[in-house]
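So in the numbering used here, the last one in the sequence shown is 54, and the numbering has no gaps at all.
Here a beta-carbon is modelled for each residue, glycine too, at the ideal position from N, C-alpha and C.
Quick caveat, the model's predicted, so the values are computed rather than measured.
Step one of this worksheet: look at the structure below.
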Amino acid sequence: HILLDDSMEKARHLAETVEDDLEEFADRVLGAFGSREDDVALVVLRRT
């Protein structure tokens, strides 16, 4: 069982570096958490 606080800290750390290609970034972040039984959604945007 993974605590939400731990997952949020892991996501924060992963988001410190963002690839130019946001799809690659999203794939890296989702891949770092491994496969899940539940559906997972990640919305990625870049402010310009």
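Looking at the backbone, the Cα of residue 22 and that of residue 31 are separated by about 11 Å.
Remark: C-beta atoms of residue 36 and residue 52 do not approach each other more closely than 9 Å.
Of the candidates 12, 44, 17 and 47, the residue whose Cα lies closest to the Cα of residue 38 is 17. Counting only the Cα atoms, residue 11 lies some 21 Å from residue 24.
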